[in-house]
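*Asks:* I'd like to ask you about the structure that follows.
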Amino acid sequence: MKKFNEIAEKRRAGERLSSTEALFLYEEGDFFALGKLAAEINRKINGETVYYNINRHINPTNICVNQCRFCAYSKLKGEEGAYEDCIADILDEVKNAEEFGIREFHIVGGLHPDWPFAHYLELLQSLKKEHPAIVIKAFTAVEIDYFAKISGLDIPTVFKRLQAVGLQAMPGGGAEIFAPAIRDQICPEKISGVRWLEIVELAHQAAIPTNATMLYGHVESFADRIDHMEKLRALQDKTGGFQVFIPLAFHATNTDIRKKGETSAIDDLKTLAIARLYLDNFQHIKAYWVMLGEKIAQLALLFGVNDLDGTVVKERITHAAGAKSAAGLSEAYIRNSIISAGREPVERDTFYNPVSSVQGGPNV
Amino acid sequence: MSDARVDRRQALDLFENCELLELGEMAHASRLKKHPQKRVTFAIDRNINYTNICECQCRFCAYYRRPGDADAFVIDEAVLHQKIAETVELGGTQILLQGGLHPDLKIDYYIGILETIKRDFPAIHIHGFSPPEISHIATLSKLSLKETLQQLKVVGLGSIPGGGAEILDDRVRTLISPNKIGWQRWLEVMETAHNLGLRTTATMMFGSLETPKELIEHLFRVREVQDRTGGFTAFIPWSFQPSNTELADEVRQPATGVDYLRILALSRLVLDNIDNLQASWVTQGTKMAQAAVYFGANDFGSTMIEENVVAAAGVHFSISLEELVNTIQEAGFKATQRDTLYNLIKDF
Numbered sequence: 060m061k062k063f064n065e066i067a068e069k070r071r072a073g074e075r076l077s078s079t080e081a082l083f084l085y086e087e088g089d090f091f092a093l094g095k096l097a098a099e100i101n102r103k104i105n106g107e108t109v110y111y112n113i114n115r116h117i118n119p120t121n122i123c124v125n126q127c128r129f130c131a132y133s134k135l136k137g138e139e140g141a142y143e144d145c146i147a148d149i150l151d152e153v154k155n156a157e158e159f160g161i162r163e164f165h166i167v168g169g170l171h172p173d174w175p176f177a178h179y180l181e182l183l184q185s186l187k188k189e190h191p192a193i194v195i196k197a198f199t200a201v202e203i204d205y206f207a208k209i210s211g212l213d214i215p216t217v218f219k220r221l222q223a224v225g226l227q228a229m230p231g232g233g234a235e236i237f238a239p240a241i242r243d244q245i246c247p248e249k250i251s252g253v254r255w256l257e258i259v260e261l262a263h264q265a266a267i268p269t270n271a272t273m274l275y276g277h278v279e280s281f282a283d284r285i286d287h288m289e290k291l292r293a294l295q296d297k298t299g300g301f302q303v304f305i306p307l308a309f310h311a312t313n314t315d316i317r318k319k320g321e322t323s324a325i326d327d328l329k330t331l332a333i334a335r336l337y338l339d340n341f342q343h344i345k346a347y348w349v350m351l352g353e354k355i356a357q358l359a360l361l362f363g364v365n366d367l368d369g370t371v372v373k374e375r376i377t378h379a380a381g382a383k384s385a386a387g388l389s390e391a392y393i394r395n396s397i398i399s400a401g402r403e404p405v406e407r408d409t410f411y412n413p414v415s416s417v418q419g420g421p422n423v
Numbered sequence: 003m004s005d006a007r008v009d010r011r012q013a014l015d016l017f018e019n020c021e022l023l024e025l026g027e028m029a030h031a032s033r034l035k036k037h038p039q040k041r042v043t044f045a046i047d048r049n050i051n052y053t054n055i056c057e058c059q060c061r062f063c064a065y066y067r068r069p070g071d072a073d074a075f076v077i078d079e080a081v082l083h084q085k086i087a088e089t090v091e092l093g094g095t096q097i098l099l100q101g102g103l104h105p106d107l108k109i110d111y112y113i114g115i116l117e118t119i120k121r122d123f124p125a126i127h128i129h130g131f132s133p134p135e136i137s138h139i140a141t142l143s144k145l146s147l148k149e150t151l152q153q154l155k156v157v158g159l160g161s162i163p164g165g166g167a168e169i170l171d172d173r174v175r176t177l178i179s180p181n182k183i184g185w186q187r188w189l190e191v192m193e194t195a196h197n198l199g200l201r202t203t204a205t206m207m208f209g210s211l212e213t214p215k216e217l218i219e220h221l222f223r224v225r226e227v228q229d230r231t232g233g234f235t236a237f238i239p240w241s242f243q244p245s246n247t248e249l250a251d252e253v254r255q256p257a258t259g260v261d262y263l264r265i266l267a268l269s270r271l272v273l274d275n276i277d278n279l280q281a282s283w284v285t286q287g288t289k290m291a292q293a294a295v296y297f298g299a300n301d302f303g304s305t306m307i308e309e310n311v312v313a314a315a316g317v318h319f320s321i322s323l324e325e326l327v328n329t330i331q332e333a334g335f336k337a338t339q340r341d342t343l344y345n346l347i348k349d350f
């Protein structure tokens with residue numbers, strides 16, 4: 060406990076934690092002490108506010124030239140279950156987006172072997188034309204790299220073209236774990252960690268804010284996780300372009316990675332708390348309920364987290380169609396979750412500006 | 003916190019004002035004091051429901067049927083024995099035998115099933131018949147509680163499950179289960195059982211229409227009986243699961259995970275005289291159960307090879323022995339199989 064208290068004092072004083080210290084927190088950090096410290100630090104930065112957003116996920120295709128071993132989503136062309144949605148169908152599916160309060164399209168998909176770059180530009184352009192007020196947050200660094208390859212353009216030009224048709228922000232996927240030895244095992248065909256960071260840096264330079272993720276709980280070690288976060292922290296020092304850090308808990312079902320069960324709740328919560336303490340230049344840490352389960356995501360609010368994802372839309376649409384059971388979470392459920400954890404729910408936009416849509420709610 | 007007992011006023015204050023992680027930390031310390039080995043125990047068992055026909059028709063229940071309903075049943079002896087044989091094959095040591103309050107089945111029926119189970123499976127422990135059932139059997143058979151329990155014990159009833167407690171307060175009971183026995187009768191069954199040497203568990207179903215004060219009163223009413231008898235082996239709180247129930251419209255937001263952990267931790271602190279506190283993975287999911295072992299719980303209940311009642315309310319968490327053991331180990335504890343009376347059987 061002595062060493063923990065030293066680390067805690069250091070962090071309270073605003074000093075940066077070393078990788079060795081972060082590793083110590085993983086290996087020896089007491090569950091409660093870590094949670095309380097992370098919550099304390101978070102409170103200093105974000106007060107009682109917990110953000111959520113209302114967005115709509117668009118996944119244009121699951122056909123992907125990469126075959127990452129941790130992925131249960133990707134299919135080869137012609138494989139059973141492979142799909143590709145044409146632009147007209149996508150537009151039709153989201154045509155009532157404004158009615159559902161949607162403020163963001165979150166667009167990610169497979170690396171399609173045949174679609175030209177122009178197809179993606181057309182998708183964004185059409186969405187923007189029909190939904191000018193909805194923010195487009197689209198394409199991971201992995202897709203951006205692929206667009207450069209198939210179009211022969213350099214990365215800054217790819218960004219310029221995408222921005223011209225409406226790209227405003229990028230999600231943080233494809234980061235996985237940066238360590239080459241781990242990538243070799245889980246996603247040998249995917250761009251390297253160095254390349255991921257390079258592309259994201261160029262995005263930030265082009266004034267495109269991005270998220271940052273980390274896929275954990277597969278074959279990596281704690282040291283690999285710290286190394287990953289260290290690289291994110293260094294880039295954030297340089298650019299300030301990351302909006303939020305989102306650790307993603309690995310799910311082994313239907314993937315090629317053999318592993319017993321899911322990540323433990325204890326690991327999930329410690330990881331979020333350590334991220335809050337170590338990533339001192341990230342204002343927001345998100346618990347992604349789709350992967351953690353909504354109950355652990357709620358508990359995470361006591362471990363330094365200040366953002367729950369949205370994705371409440373699909374659920375609303377299903378409800379509007381008369382379904383009683385929910386695949387997603389309703390806005391009321393998310394707000395109640397946050398209030399029941401003793402925090403204050405605030406709907407945000409993509410850029411973490413508070414927006415107020417709930418009448419009489421405690422939005423600031 | 004000192005070793006002095008938590009009183010009602012303090013309990014309410016902890017419940018309403020204590021930061022959850024502080025409360026959890028106290029509960030965890032108290033749990034480690036009672037169970038210093040970092041162990042989480044569980045039983046291998048099967049929930050067998052002998053009938054879903056029930057006169058009680060509680061408003062929070064999605065399981066019961068009326069006589070004559072298309073899917074109403076009373077279990078067949080052959081089916082029952084088949085289920086037990088499968089349980090034994092999977093390393094099971096007990097069955098949890100429960101059912102609805104059937105309008106016609108008197109004590110002879112229950113004596114009959116216990117006798118035939120014991121004849122074919124002498125080693126299986128029968129954890130059966132919650133207080134509403136015991137009370138119902140007694141009334142229908144014109145026997146006292148003591149006579150009823152004695153007769154069932156003689157033919158092989160091993161212990162009594164703590165179901166039907168809901169909230170031990172008659173205001174709440176009138177609202178959610180108007181036809182069920184009152185709180186005093188519930189505790190009377192348990193105290194009578196304890197005095198006959200039958201151990202029991204106690205449960206609490208929170209998150210319906212109770213106030214914090216009523217919830218806390220429940221804990222103290224259980225604690226007071228335990229002070230006299232020492233007969234409760236474990237306490238098991240779980241949250242009301244609204245789907246498919248009549249009460250669903252009145253309970254606007256079901257209890258959240260944070261609510262669950264708060265009540266679990268408080269239970270550990272108030273019930274200082276009950277050794278074991280179960281995490282309810284069946285209502286909360288395995289990840290929450292992992293968190294629960296840091297908020298006072300030291301036991302995972304059982305593998306529940308079969309579970310029908312919670313499933314009827316739309317909650318389906320199922321789990322294999324391997325998953326259950328792995329879930330406990332990943333949370334940082336040793337997984338140990340126990341029997342119904344919490345004797346340790348096997349470390350994994």
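Order-wise, the sequence lines are chains P and L.
Quick note, the first sequence lines up with residues 60 to 423 if you use our numbering.
Quick note, the second sequence lines up with residues 3 to 350 if you use our numbering.
Note that CB positions come from ideal geometry on N, CA and C, so glycine has one too.
Keep in mind that this is a model prediction, so the values were computed, not measured.
1) Which value, in whole angstroms, describes the spacing of the CA atoms of P:N422 and P:R407?
2) Just verifying my parser: in three-state terms, what is the DSSP assignment at L:A291?
3) Taking 8 Å as the CB-CB limit, is P:K103 close to chain L?
4) Taking the straight line between their C-alpha atoms, what separation do you get for P:A385 and P:F362?
5) Can you confirm whether L:G334, when its beta carbon is compared against all beta carbons of chain P, has any partner nearer than 8 Å?
6) For the stretch 5-23 of chain L, which residues have a CB atom closer than 9 Å to at least one CB atom of chain C, in sequence order?
7) By the three-class DSSP mapping on this structure, what secondary structure does P:L361 have?
8) Would you kindly work out how many angstroms separate the C-alpha atoms of P:E123 and P:M350, rounded to a whole number?
9) Using a cut-off of 8 Å between C-beta atoms, extract the partners of P:I325 located in chain L.
10) Comparing C-alpha positions only, which one of L:H220, L:E88, L:M207 sits nearest to L:P244?
11) Inspect the beta-carbon positions of P:K196 and P:M229 and report whether they are closer than 8 Å.
12) In the DSSP assignment, what are the bridge partners of P:E403?
13) Quick check on this structure: which residue in L:S179, L:V191, L:R173, L:I162 has the alpha carbon closest to the alpha carbon of L:L147?
14) Using a Cβ cut-off of 8 Å, pull out every chain P residue sitting near L:V284, in sequence order please.
15) Quick check on the DSSP output: the alpha helix (DSSP H) that includes P:I117 runs from which residue to which?
16) So which residues of chain P does L:V253 contact, with C-beta pairs closer than 9 Å?
17) Below 8 Å on C-beta distance, what does P:I355 contact in chain L?
18) Within a Cβ cutoff of 7 Å, which residues of the same chain sit near P:Y179, ignoring the five residues on either side of it in sequence?
19) Between P:H116, P:D173, P:Q126, P:F129, which has its C-alpha nearest P:V153's C-alpha?
20) Using a Cβ cut-off of 8 Å (strictly closer), state whether P:L361 contacts chain L.
21) For the candidate residues P:G169, P:H190, P:A391, whose alpha-carbon lies nearest to that of P:L135?
22) How is L:P105 classed by DSSP in three states: helix, strand or coil?
23) Report the CB separation of L:D301 from L:F44 in whole angstroms; it is logged as a contact under 8 Å.
24) Could you please give me the residues that DSSP links to L:F234 through a beta bridge?
25) Per DSSP, P:L274 forms a beta bridge with which residues?
26) Please classify L:K289 as buried or exposed, where buried requires at least 16 other C-beta atoms within 10 Å of its C-beta.
27) Using alpha carbons as the reference points, say which of P:E87, P:L291, P:W348 lies closest to P:N270.
28) Let me know if L:L346 comes out buried or exposed under the rule of 16 or more other beta-carbons within 10 Å of its beta-carbon.
29) Terminal residues of the continuous alpha helix (DSSP H) containing P:I285?
30) Name the DSSP beta bridge partners of L:W240, please?
31) For L:E168, go through chain P and note every residue whose CB falls closer than 9 Å to its CB, in chain order.
32) Pick helix, strand or coil for P:K354, following the three-state DSSP scheme.
33) Looking at P:H343 and the ligand HEM, is the gap between the Cβ and the nearest heavy atom below 7 Å?
34) Could you tell me whether the Cβ atoms of P:F301 and P:F237 are closer together than 8 Å?
35) Can you tell me whether L:L154 is buried or exposed? The criterion is at least 16 other CB atoms within 10 Å of its CB, across all chains shown.
36) Is any beta-carbon of chain L found at less than 8 Å from that of P:N395?
*Replies:* In short:
1) Since pLDDT at P:N422 reaches only 37, below the 50 mark, its modelled position is unreliable, and no value is offered.
2) L:A291 falls in the helix class under three-state DSSP.
3) Not closer than 8 Å to any Cβ of chain L, the Cβ of P:K103 fails to qualify, so no.
4) Interpretation of P:A385 is limited by its pLDDT of 46, a score under 50 that renders its predicted location unreliable; the figure taken from the coordinates is listed afterwards. P:A385 and P:F362: Cα-Cα distance of roughly 27 Å.
5) Interface annotation, L:G334: in contact with chain P, CB-CB separation under 8 Å.
6) In the displayed structure, chain C is absent; the protein chains listed are P and L.
7) Reduced to three states, the DSSP call for P:L361 is coil.
8) Per the sequence shown, the amino acid found at residue 123 of chain P is Cys instead of Glu. Roughly 22 Å between the two C-alpha positions.
9) Going along chain L in sequence order, the residues near P:I325 (Cβ under 8 Å) are Q292, A293, Y296, E332, A333, G334.
10) Nearest option by C-alpha distance: L:M207.
11) It is a contact, given that the beta carbons lie within the stated cut-off.
12) BP columns for P:E403 point to P:T108.
13) Of the candidates L:S179, L:V191, L:R173, L:I162, the one whose C-alpha sits nearest the C-alpha of L:L147 is L:V191.
14) Residues of chain P with a Cβ closer than 8 Å to the Cβ of L:V284 do not exist, since the nearest Cβ in that chain sits about 14 Å away.
15) Where P:I117 is concerned, there is no enclosing alpha helix (DSSP H), although the beta strand (DSSP E) it sits in stretches over 114-117.
16) The contacting residues do not exist; L:V253 stays about 12 Å from chain P at best.
17) The answer, in chain order, is G259, K289, M290, A293.
18) For P:Y179, where only same-chain residues beyond five positions count, the Cβ hits under 7 Å are F206.
19) Minimum Cα distance to P:V153 is reached at P:H116.
20) With 8 Å as the cut-off, P:L361 counts as an interface residue toward chain L.
21) Looking at the Cα atoms, P:G169 is the closest of the given residues.
22) DSSP, reduced to helix, strand and coil, places L:P105 outside both helices and strands of the structure shown, so it counts as coil.
23) Between L:D301 and L:F44 the beta-carbon gap is near 7 Å, inside 8 Å, which marks them as a contact.
24) L:T202.
25) Bridge partners of P:L274: P:L307.
26) Buried, since its Cβ has 16 or more Cβ neighbours within 10 Å.
27) From the listed residues P:E87, P:L291, P:W348, the smallest Cα separation to P:N270 is found for P:L291.
28) Exposed, since its Cβ has fewer than 16 Cβ neighbours within 10 Å.
29) Start and end: 281-298.
30) According to DSSP, L:W240 shares a beta bridge with L:M207.
31) The contacting residues do not exist; L:E168 stays about 21 Å from chain P at best.
32) For P:K354, the three-state secondary structure derived from DSSP is helix.
33) The ligand HEM is absent from the structure shown, which contains no ligands of any kind.
34) Against a cut-off of 8 Å, the Cβ pair of P:F237 and P:F301 comes out as no contact.
35) The residue in question, L:L154, is buried, as its Cβ has 16 or more Cβ neighbours within 10 Å.
36) For P:N395, the answer is yes, since a Cβ of chain L falls inside 8 Å of its Cβ.
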